[in-house]
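Here is the structure we will look at.
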Amino acid sequence: MKKLLVITLAIVSLVFVQCKKANTPEQVTEKFISAVQQNDFEVAKSLADSTALETLNMIESFYTQMGQQVTKNDSIVPDVKDIKCEDMDSKDMKKCTYTSQGTQNYVELKKIKNEWKVVNFPKEGANEPLADPSMDMSEEPDTTTTDSIVAQ
Numbered sequence: 002m003k004k005l006l007v008i009t010l011a012i013v014s015l016v017f018v019q020c021k022k023a024n025t026p027e028q029v030t031e032k033f034i035s036a037v038q039q040n041d042f043e044v045a046k047s048l049a050d051s052t053a054l055e056t057l058n059m060i061e062s063f064y065t066q067m068g069q070q071v072t073k074n075d076s077i078v079p080d081v082k083d084i085k086c087e088d089m090d091s092k093d094m095k096k097c098t099y100t101s102q103g104t105q106n107y108v109e110l111k112k113i114k115n116e117w118k119v120v121n122f123p124k125e126g127a128n129e130p131l132a133d134p135s136m137d138m139s140e141e142p143d144t145t146t147t148d149s150i151v152a153q
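Each residue of the sequence shown is one higher than the one before, starting from 2 at the first, in the numbering used here.
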């Protein structure tokens with residue numbers, strides 16, 4: 002009976018340690034980008050903080066204002082490969098590069114209360130998976146004008 006208790010405690014401890022290791026920068030990067038690609042804002046926001054959280058809220062708000070509801074799309078197969086993380090200014094900050102749809106991109110993570118959170122990611126990375134396929138988001142607006150302002 003005592004042996005069974007010791008074995009059970011050892012298994013529970015091992016599971017607990019493995020669960021704690023599930024929050025590596027690489028794992029958070031993969032989960033975050035996959036959630037963004039599938040429009041799963043609930044999961045993406047749970048993995049975000051700071052500027053990244055503000056960006057997600059802004060994107061979600063934009064779609065809401067356009068009268069569109071952002072819903073998770075399970076039919077999209079996430080495409081996140083070759084994740085490599087390196088220290089930034091401190092060990093509590095990481096820049097993780099990854100490849101998605103043949104393009105290399107990055108996210109920045111910070112360790113907050115012993116959890117890695119995405120604190121910054123390029124807006125282009127968010128707009129591509131969330132964009133309506135019928136809208137061409139790759140063209141930038143024409144900002145050139147024929148009028149010029151002359152300072153006097």
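For glycine and all other residues, C-beta sits at the position ideal for the given N, C-alpha and C. None of these values were measured; they are calculated from a predicted model.
Exercise. Touching or not, the region 73-82 and the region 33-40, by the rule of three or more beta carbon pairs under 8 Å?
Worked result: yes
Exercise. Are the CB atoms of L110 and K95 nearer to each other than 8 Å?
Worked result: yes
Exercise. Just the Cα atoms here: how many angstroms apart are V29 and F63?
Worked result: 25 Å
Problem set entry | Alpha carbon of A53 to alpha carbon of S76, nearest angstrom | 24 Å
Exercise. Where DSSP assigns a beta bridge to L101, which residues make up the other side?
Worked result: Just to set this straight, residue 101 is Ser in the shown sequence, not Leu. Paired residues: T104.
For this session: Could you pull out every residue in the same chain whose Cβ sits closer than 8 Å to the Cβ of Q39, ignoring the five residues on either side in sequence?
Result: K73, N74, D75, I77, P79, P130
Exercise. Near P26, which residues of its chain fall below 7 Å by C-beta distance, leaving aside the five closest residues on each side in sequence?
Worked result: C86, K95, C97, L110, W117
For this session: Let me know the secondary structure DSSP gives K95 once reduced to three states.
Result: strand
Problem set entry | First through last residue of the alpha helix (DSSP H) which encompasses N115 | Looking at the DSSP string, N115 is not in any alpha helix (DSSP H), and its letter there is neither H nor E.
Problem set entry | Status (buried if at least 16 other CB within 10 Å, exposed otherwise) for T104 | exposed
Problem set entry | Buried or exposed by the 16-neighbour rule on C-beta atoms within 10 Å, applied to I60 | buried
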